[in-house]
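Asks:
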């Protein structure tokens, strides 16, 4: 475990400076974290903690210790040696950070099953053992996600898409490849996405507020649970293509793990049961100290997630998104450098919470938020899009076009004769059919790195819409956004500052970063 | 002091302008124009200019608002009746007012005006940030929750659409209600007629929807009802209501009609 004196400051510094420098000091160098290989057979205890750059991440198994020996989440079930745990590492909030990926590459000289050709390489046809062939995974933490094009509905029938796709740039060669490309034998499109946290999935899959047979944002049919026929909340995966944890596990096994036959009913039930009882959140902050102390803010720590209500809209002062009860506002005076630093950091977290919740800015040109009856633009806050109590997701059908993957907002290295870095993600040009409504803010021609939900629905208005993932364990799993375009929390905040012209002060940015770091 | 002068001059100037141009209360107006956002200390309000006058449309509230704000980046089709209420945000109040966002982009519609102390908006039901009061989707205070008497016999249920659009975020509740009513009347027949509408604008222009929209509306509604579990086979039809456009509630021509027969 990390010594808690990583955060140091001098007692004579004024408080505001303390809080600000706290943002810089509280994140120390990433500690090496234990790698969990499939088939390791180590039991997963009821509670455990792992160090990360901001403190420690805590996991709680509500049903007690988990026997991993023979457990389908923890065994290599297919031909490539991977388990679910390969990409969903306990130390990394059940996602996987790019730092962990890079370390694993070094430790195994690129031989860990994580780097399997199928999706751990920029494209399977690229040479083995060559770091350049894995650059998207090594630099951005991205896994190749290949999807059928045109899309198919749940019965397997092809959907006629409302737009055509042209490959403008294809650095990996995958989208123009004779086998893997859009016009190749498989008729697939390859996009590159971050593994998402397999914790707190009771919240992610909650069928509470806003779940009906129709998608609230579009009026189209909601996906159904194939077992019960009931509509689901469509809040999983960047594009909501999987209806339930079971359909998700089956396609993960088939795709990432190259399992040939579908998982058995028993295996699926075990994976689902495991995922629904697993809770995770940051439990210790280098700056703020314990996040799980009795009487502390009720939105922090894995136990509060275990106890919390799912499917609840928190964008209001009755439930709050991440409740803090103002517990870290106006803390009493303390003496001694460490105590003063802790107090300053806690007050910074509280201010960051208030920035997230109350600081307004113009939310503009974001499909599926501005277009669902609120108007464009709206003067509101981070919590408007991130309204789900305890997770910061959207409560149902959580996809929106924030601009993370679409031009002009998507991160692209500047191209010039002097540029040292060339773009590594594909770029697609999507042209909407004349008989379809256009993308509401980008019109009939859209350039994108990942069309997101539109790859499933085939609709122009869904281009670039990405499902929000939960905000928990952020400290353990950089980089952020589905395409890994924010290398750290500060870059995430800077993205918003540019995207919405928010003009946060340095203090607001530091407070917001500190707040996100304790979730 | 200076402040006060500016306000008085500003108001006087506006008043004299509208004295010349504004149509009298009761006038029906129908026009397509850019929406304008006016920031205020609380929530922004929305206006639109037509023939030299500014018309107040609505304020920012939440998804359950009766009149939902339009989108910058698009023109808006406005239909309303001039009221004699005091101006809001410098705009003549249209009541009732019906708005529809035009689907194609229009980069000219990009005006956000700064806070002007003359315009004060009471932010009921919700402030710009999280609300402590009534939440979106909660029934209005004092609203009675007594359910309406269950329908009997043949039911004609209209569905209204935005200009040149079929099913959207506006329709989940409408579609759910159709399924419910079908069960209540034990429907054995389902007929869906999609209508292509048009607007007679105040300047005399006839604004027509695309020729295929009636059919698209009928087919989409049928597919969605079926997908949500309504097992009746729908009879589909589509018609053209362009000739009906007369400048009076033309928004009702952008519709589909669902007939449920026991």
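Protein chains in written order, with this note's numbering: chain A, 2 to 520; chain B, 1195 to 1456. Ideal Cβ placement from N, Cα and C applies to all residues, glycine included.
Using a beta-carbon distance below 8 Å, is residue 403 (chain A) in contact with chain B?
Replies: no
Asks: By a C-beta neighbour count over all protein chains shown, 10 Å radius and 16 as the cutoff for buried, is residue 243 (chain A) buried or exposed?
Replies: With a 10 Å radius around the Cβ and a threshold of 16 neighbouring Cβ atoms, residue 243 (chain A) comes out buried.
Asks: Under 6 Å Cβ to Cβ from residue 1211 (chain B), same chain only, skipping five residues before and after it: list those, please.
Replies: Because residue 1211 (chain B) sits at a pLDDT of 45, beneath the cut-off of 50, its placement in the model cannot be relied upon, and the following sentence gives the value as read from the coordinates. Correct list: empty, nothing qualifies.
Asks: Measuring only the C-alpha atoms, how far is residue 438 (chain A) from residue 1296 (chain B)?
Replies: For residue 438 (chain A) and residue 1296 (chain B), the distance between alpha carbons rounds to 10 Å.
Asks: So that I know if they touch, is there some Cβ in chain A lying closer than 8 Å to that of residue 1294 (chain B)?
Replies: no
Asks: Is the CB of residue 379 (chain A) under 8 Å away from at least one CB in chain B?
Replies: yes
Asks: Using only alpha-carbon positions, find the residue among A:426, A:373, A:457 that is nearest to residue 450 (chain A).
Replies: Among A:426, A:373, A:457, the Cα nearest to that of residue 450 (chain A) is on A:426.
Asks: Could you check where the alpha helix (DSSP H) with residue 442 (chain A) kicks off and where it finishes?
Replies: Premise fails: residue 442 (chain A) is in no alpha helix (DSSP H) and is neither H nor E.
Asks: Assuming residue 1351 (chain B) contacts residue 1381 (chain B) (C-beta within less than 8 Å), just tell me the rounded distance between them.
Replies: At roughly 11 Å, the Cβ-Cβ gap does not stay under 8 Å, so residue 1351 (chain B) and residue 1381 (chain B) are not in contact.
Asks: What did DSSP end up calling residue 208 (chain A) once you bin it into helix, strand or coil?
Replies: coil
Asks: Express the C-alpha separation of residue 72 (chain A) and residue 268 (chain A) in angstroms, rounding to a whole number.
Replies: 8 Å
Asks: May I ask you to report which of helix, strand or coil DSSP gives residue 1392 (chain B)?
Replies: The DSSP-derived three-state label of residue 1392 (chain B) is strand.
Asks: So, residue 1270 (chain B) versus residue 1293 (chain B), is the Cβ gap smaller than 8 Å?
Replies: Yes.
Asks: How long is the line joining the alpha carbons of residue 483 (chain A) and residue 1298 (chain B), rounded to whole angstroms?
Replies: In a straight line, the C-alpha of residue 483 (chain A) is about 29 Å away from that of residue 1298 (chain B).
Asks: Run the CB neighbour count on residue 419 (chain A), radius 10 Å, all protein chains shown included, and call it buried at 16 or more, exposed below.
Replies: exposed
Asks: Determine the burial state of residue 107 (chain A): buried for a count of at least 16 other Cβ atoms within 10 Å of its Cβ, exposed for fewer.
Replies: exposed
Asks: Name, please, each residue of chain A whose Cβ falls closer than 8 Å to the Cβ of residue 1240 (chain B).
Replies: 376
Asks: Distance, Cα to Cα, residue 1358 (chain B) vs residue 220 (chain A)?
Replies: 16 Å
Asks: May I ask you to report which of helix, strand or coil DSSP gives residue 1349 (chain B)?
Replies: strand
Asks: Give me the Cβ distance between residue 278 (chain A) and residue 62 (chain A), rounded to the nearest whole Å; I'm assuming they're in contact under 8 Å.
Replies: 6 Å
Asks: Spatial neighbours of residue 271 (chain A) within its chain, please: CB distance less than 6 Å, with the 5 preceding and 5 following residues excluded, ordered by chain position.
Replies: 73.
Asks: What residues in its chain sit with their C-beta under 6 Å from that of residue 1399 (chain B), if we drop five residues either side in the sequence?
Replies: Residues of the same chain with a CB within less than 6 Å of the CB of residue 1399 (chain B), apart from the 5 flanking positions on each side, do not exist.
Asks: Any beta-carbon of chain B closer than 8 Å to the one on residue 371 (chain A)?
Replies: yes
Asks: Is residue 169 (chain A) buried or exposed, if buried means 16 or more other CB atoms sit within 10 Å of its CB?
Replies: It counts as exposed.
Asks: In this structure, how does DSSP classify residue 481 (chain A) when only helix, strand and coil are distinguished?
Replies: Looking at residue 481 (chain A) - three-state DSSP - the assignment turns out to be strand.
Asks: On the DSSP bridge list, what partners appear for residue 1433 (chain B)?
Replies: B:1389
Asks: For the pair the stretch 334-347 of chain A and the stretch 363-371 of chain A, tell me if three or more CB-CB distances fall below 8 Å.
Replies: no
Asks: If you draw a straight line from the alpha carbon of residue 477 (chain A) to that of residue 96 (chain A), how long is it in whole angstroms?
Replies: Each residue's Cα considered, the two are about 8 Å apart.
Asks: Using three-state DSSP, classify residue 321 (chain A) as helix, strand or coil.
Replies: Coil, per DSSP.
Asks: Specify the secondary structure class of residue 1302 (chain B) as computed by DSSP and reduced to three states.
Replies: coil
Asks: In chain order, which alpha helix (DSSP H) runs of at least 4 residues are fully inside the stretch 162-220 of chain A?
Replies: 202-205
Asks: Need the endpoints of the beta strand (DSSP E) that residue 1458 (chain B) sits in, please.
Replies: Residue numbering for chain B in the displayed model covers 1195 to 1456; residue 1458 (chain B) lies beyond these limits and cannot be assessed.
Asks: Could you tell me which of B:1265, B:1243, B:1280, B:1365 sits nearest to residue 1300 (chain B), measuring between CA atoms?
Replies: Taking only the C-alpha atoms, the option nearest residue 1300 (chain B) is B:1265.
Asks: To which residues of the same chain is residue 291 (chain A) closer than 8 Å at the C-beta, ignoring the five residues directly before and after it?
Replies: 284, 285, 297
Asks: Give every residue of the same chain whose Cβ lies closer than 7 Å to the Cβ of residue 503 (chain A), excluding the five residues on either side of it in the sequence, and list them in chain order.
Replies: 362, 497
Asks: Check whether the Cβ atoms of residue 392 (chain A) and residue 471 (chain A) sit closer than 8 Å, and answer yes or no.
Replies: yes
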